[in-house]
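Quick note, this note's numbering runs 1 ahead of the 1-based positions in the sequence shown.
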Amino acid sequence: MTLPCGTVLWLLPGRAVWWPEARSLFVADVHFGKAASFRHAGQPVPTGTTADNIARLDALLTATGAQRLVFLGDFLHARGGAQPALWQQLRAWRERHAQVAMDLVLGNHDHHAGTPPADLNIALQEEPWTPVPGMPLRAAHHPQAVAGHTVLSGHLHPSVVLHGPARDRMRLPCFAWQPGLLVLPAFGAFTGTHANALPAGAQVYAIAGTRVVQVPGG
């Protein structure tokens, strides 16, 4: 699924946006270490979510051949999740993609949980940030308007509820688009979604397995 907005953006079923003109990949709300922070607090939650997040990032970087990866905020979930095992996994992952430039647009969790260690070589940016000077895109964590530009953001963890026969309900992560603003779904494997967080009047593009589909009326 593509969107024209002064340039072309691809909405990927891997919960990411691909900007081919700039060879740049965008993801939002990975929340690394969230499960570990819950376990640190004594909660019985699944393991393996970091490996899942890394594997999906690997697949996206390989498929697109991206030269830049931009995290749209909330890289780390909480200080309690910043365990040595997490940094070990992330350092190994970063070494595999040493040729890829990486940026983190700081979000609300980043300001409280802390930022990635310097040796991960992820540049820190304040929102709204200009990935490519002179181009019509801005990158942010919080949805916001920037006159004359399209803003890519996260924070809302958007999803849509679809209704079927026999009172069936299905909740799917989605992209929310309106002129000037694209909100990405949360990328993290252990993150919740919010069906009531869609911007008013937004067009909704749901992730349905390996496809991204526009939801009628959304």
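All C-beta atoms, glycine included, are put in the ideal place defined by N, C-alpha and C.
- Query: How long is the line joining the alpha carbons of E1 and A119, rounded to whole angstroms?
  - Reply: Nothing can be reported for residue 1: it is not among the residues displayed for the chain, which extend from 2 to 219.
- Query: Just checking my contact of L87 with G135 at CB under 8 Å: how many whole Å lie between their CB atoms?
  - Reply: Taking the sequence shown and counting its residues from 1, the one referred to as residue 87 is at position 86. Taking the sequence shown and counting its residues from 1, the one referred to as residue 135 is at position 134. The Cβ separation is near 37 Å, so there is no contact.
- C-beta contact flag for A177 and V205 at 8 Å: If you number the sequence shown from 1, residue 177 lands on position 176. If you number the sequence shown from 1, residue 205 lands on position 204. Yes, these two residues count as a Cβ contact at 8 Å.
- Tell whether a beta-carbon distance below 8 Å holds between M103 and L70. Counted from its first residue, the sequence shown places residue 103 at position 102. Counted from its first residue, the sequence shown places residue 70 at position 69. A contact, by the Cβ cut-off of 8 Å.
- Message: Please report the straight-line C-alpha distance between A209 and N109, rounded to a whole angstrom.
- Response: Residue numbering aside, residue 209 sits at position 208 when the sequence shown is read from its first letter. Residue numbering aside, residue 109 sits at position 108 when the sequence shown is read from its first letter. Distance between the alpha carbons of A209 and N109 is about 29 Å.
- Message: Let me confirm a value: H112 is counted as buried when at least 16 other C-beta atoms fall within 10 Å, else exposed. Which label applies?
- Response: Within the sequence shown, residue 112 is the residue found at index 111, counting from 1. With fewer than 16 other Cβ atoms within 10 Å, it is exposed.
- Item | Own chain residues within Cβ distance below 6 Å of V216, not counting five before or after | One-based indexing of the sequence shown puts residue 216 at position 215. Cβ neighbours of V216 beyond the five flanking positions: V161, V205, A207.
- Query: Taking the C-alpha atoms as reference points, what is the distance between G7 and G115?
  - Reply: Walking along the sequence shown from the start, residue 7 turns up at place 6. Walking along the sequence shown from the start, residue 115 turns up at place 114. Approximately 34 Å between the Cα atoms of the pair.
- Could you check which residue in G181, L183, P180, F188 has the C-alpha nearest to that of L173? Counting from 1 along the sequence shown, the entry for residue 173 is found at position 172. When only C-alpha atoms are compared, the closest one is F188.
- Based on Cα-Cα distance, which residue from A29, W11, T211, D53 lies nearest to P220? In the structure displayed, the chain extends from 2 to 219; residue 220 sits before or after that span and is not available.
- Message: Helix, strand or coil, according to DSSP, for T116 in the structure here?
- Response: Numbered from 1 along the sequence shown, position 115 holds the residue referred to as residue 116. It is coil, neither helix nor strand.
- Task: Note down the Cα distance separating V101 from L153, rounded to an integer number of angstroms.
- Result: The residue labelled residue 101 in the question sits at position 100 within the sequence shown. The residue labelled residue 153 in the question sits at position 152 within the sequence shown. Each residue's Cα considered, the two are about 20 Å apart.
- Quick one: Cα of V214 to Cα of P85, how far? Translated into positions along the sequence shown, residue 214 becomes position 213. Translated into positions along the sequence shown, residue 85 becomes position 84. One C-alpha to the other measures close to 39 Å.
- Task: Express the C-alpha separation of G202 and Q179 in angstroms, rounding to a whole number.
- Result: For this step, residue 179 is matched to residue 178 along the sequence shown. For this step, residue 202 is matched to residue 201 along the sequence shown. Their Cα atoms are separated by approximately 7 Å.
- Message: Residues in the same chain with beta-carbon distance under 8 Å from L26, minus the five sequence neighbours each way, listed in chain order, please.
- Response: In the sequence shown, residue 26 corresponds to position 25, counting from 1. Contacts found: A17, V18, W19, W20, L61, L62, T65, A67, R69, L70, V71.
- Task: Measure the beta-carbon distance from P144 to H156 and round it to whole angstroms, keeping in mind my assumption that it falls under 8 Å.
- Result: Here residue 144 refers to the residue found at position 143 when the sequence shown is read from its first residue. Here residue 156 refers to the residue found at position 155 when the sequence shown is read from its first residue. Indeed they touch by this definition, with Cβ atoms about 7 Å apart.
- Have a look at D75, L182, H142, I55 and flag the residue whose alpha-carbon is nearest the alpha-carbon of Q89. Mapped onto the sequence shown, residue 89 falls at position 88. Q89 has its Cα closest to that of I55, out of D75, L182, H142, I55.
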